[in-house]
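This report concerns only the one structure given below.
In the numbering used here, the protein residues as written are 1 to 295.
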């Protein structure tokens, strides 16, 4: 495959490493990087296949200002919900590219481990299963690829698990124990599925690699940026300090705001997400949030 990765953050570089094993891949970002095969935007957009590793909150603006539709087939690698509108990424991308040229990657995949060529399994979701199969077939040997057509389920899973990971970090940061974390994550999975069903996602998607698989990983390791946000909240730090120390995008923060907005509009019961929102946006004490959840 002649492919270009757009976005050279940790996840973009990890996917560049992965797909470069067996394909002709270049990489581009707005900030020049010392990376082999780093090219201009025009050269990147000439490729038949694009991997879009642009953070969720910047996708719409980037597509409006920089994208040119040249018939490319796109694999969306970001996860999140647009805070300002509550839109899922597939709703944004389909404003610029036909649905049958879009696919979405999800599953347990810390960038650091992907870049070290450590084994995992990932899901490629698309309404065009042939396109999903194409991307899956070109994953490196250390990544097992699966495909499905539940794009909404993949989108919800990928976004929501980051919010549950923040709650899990709070749980561990407060020293509440393994039982509490397991209970939180399992109820978080139920909450994700409840939210997804509102938008037509299939329940079984939340039990897949993109749902439970990614949730279990993200909500239980310090390699997770969102989990580390939760640890910071448990220590009593304010959000500005936490994000400054993190030095990276933690998509669970804007996603919690988006979920709050959607829950208010559609009257969806999201107790864990609402407590995360209260902690990051209103400065609610984590001990009080835990008390309210248990109540």
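The C-beta atom is built at its ideal place from N, Cα and C for all residues, glycine as well.
Less than 7 Å between C-beta atoms, sequence neighbours within five positions excluded: which residues of the same chain meet that for residue i?
{"i": "residue 138", "result": "1, 19, 22, 23"}
{"i": "residue 213", "result": "107, 108"}
{"i": "residue 11", "result": "53, 77, 111"}
{"i": "residue 310", "result": "With the chain running from 1 to 295 in the structure shown, residue 310 is simply not present."}
{"i": "residue 67", "result": "96"}
Between the C-alpha atoms of residue i and residue j, what's the straight-line distance to the nearest angstrom?
{"i": "residue 77", "j": "residue 283", "result": "31 Å"}
{"i": "residue 42", "j": "residue 29", "result": "11 Å"}
{"i": "residue 114", "j": "residue 209", "result": "15 Å"}
{"i": "residue 176", "j": "residue 216", "result": "18 Å"}
{"i": "residue 170", "j": "residue 278", "result": "13 Å"}
{"i": "residue 211", "j": "residue 161", "result": "8 Å"}
{"i": "residue 243", "j": "residue 249", "result": "8 Å"}
{"i": "residue 225", "j": "residue 46", "result": "33 Å"}
{"i": "residue 232", "j": "residue 241", "result": "9 Å"}
{"i": "residue 99", "j": "residue 128", "result": "8 Å"}
{"i": "residue 65", "j": "residue 58", "result": "11 Å"}
{"i": "residue 141", "j": "residue 197", "result": "34 Å"}
{"i": "residue 182", "j": "residue 257", "result": "24 Å"}
{"i": "residue 85", "j": "residue 295", "result": "32 Å"}
{"i": "residue 317", "j": "residue 14", "result": "Absent from the structure is residue 317, since the part of the chain shown begins at 1 and ends at 295."}
{"i": "residue 122", "j": "residue 204", "result": "16 Å"}
{"i": "residue 186", "j": "residue 16", "result": "33 Å"}
{"i": "residue 267", "j": "residue 261", "result": "10 Å"}
{"i": "residue 190", "j": "residue 280", "result": "22 Å"}
{"i": "residue 246", "j": "residue 265", "result": "31 Å"}
{"i": "residue 220", "j": "residue 69", "result": "39 Å"}
{"i": "residue 292", "j": "residue 51", "result": "41 Å"}
Classify residue i as helix, strand or coil using the three-state DSSP reduction.
{"i": "residue 174", "result": "coil"}
{"i": "residue 2", "result": "strand"}
{"i": "residue 104", "result": "strand"}
{"i": "residue 270", "result": "coil"}
{"i": "residue 53", "result": "coil"}
{"i": "residue 188", "result": "helix"}
{"i": "residue 242", "result": "helix"}
{"i": "residue 145", "result": "strand"}
{"i": "residue 276", "result": "helix"}
{"i": "residue 139", "result": "coil"}
{"i": "residue 262", "result": "helix"}
{"i": "residue 214", "result": "helix"}
{"i": "residue 97", "result": "coil"}
{"i": "residue 151", "result": "helix"}
{"i": "residue 164", "result": "helix"}
{"i": "residue 35", "result": "coil"}
{"i": "residue 206", "result": "helix"}
{"i": "residue 88", "result": "strand"}
In terms of residues, what are the limits of the alpha helix (DSSP H) holding residue i?
{"i": "residue 289", "result": "286-294"}
{"i": "residue 249", "result": "No alpha helix (DSSP H) holds residue 249; DSSP gives it neither H nor E."}
{"i": "residue 59", "result": "59-66"}
{"i": "residue 12", "result": "10-19"}
{"i": "residue 116", "result": "Looking at the DSSP string, residue 116 is not in any alpha helix (DSSP H), and its letter there is neither H nor E."}
Excluding sequence positions up to five away, which residues of its chain have a Cβ less than 6 Å from the Cβ of residue i?
{"i": "residue 63", "result": "96"}
{"i": "residue 199", "result": "152"}
{"i": "residue 180", "result": "171"}
{"i": "residue 276", "result": "163, 166, 167, 256"}
{"i": "residue 7", "result": "29, 53, 54"}
{"i": "residue 60", "result": "92"}
Give every residue of the same chain whose Cβ lies closer than 8 Å to the Cβ of residue i, excluding the five residues on either side of it in the sequence, and list them in chain order.
{"i": "residue 32", "result": "38"}
{"i": "residue 174", "result": "234, 286, 287, 290"}
{"i": "residue 26", "result": "3, 4, 5, 37, 38, 39, 43, 44, 47"}
{"i": "residue 56", "result": "78, 79, 80, 81, 82, 89, 159, 251, 254, 255"}
{"i": "residue 101", "result": "71, 72, 73, 74, 128, 131"}
{"i": "residue 35", "result": "8, 13, 16, 27"}
How is the beta strand (DSSP E) around residue i delimited, first residue to last?
{"i": "residue 229", "result": "Run containing residue 229: none in the beta strand (DSSP E); it sits in the alpha helix (DSSP H), 225-234."}
{"i": "residue 120", "result": "120-125"}
{"i": "residue 73", "result": "73-76"}
{"i": "residue 42", "result": "It is not in any beta strand (DSSP E) - residue 42 instead sits in the alpha helix (DSSP H) that spans 41-45."}
{"i": "residue 24", "result": "24-28"}
Residue i and residue j look like a contact to me (Cβ under 8 Å); what is the Cβ gap, rounded to whole Å?
{"i": "residue 273", "j": "residue 163", "result": "5 Å"}
{"i": "residue 135", "j": "residue 143", "result": "With a Cβ gap of about 11 Å, residue 135 and residue 143 do not count as contacting."}
{"i": "residue 49", "j": "residue 73", "result": "5 Å"}
{"i": "residue 201", "j": "residue 150", "result": "6 Å"}
{"i": "residue 168", "j": "residue 230", "result": "6 Å"}
{"i": "residue 206", "j": "residue 270", "result": "Incorrect: roughly 14 Å between the Cβ atoms, too far for contact."}
{"i": "residue 104", "j": "residue 126", "result": "7 Å"}
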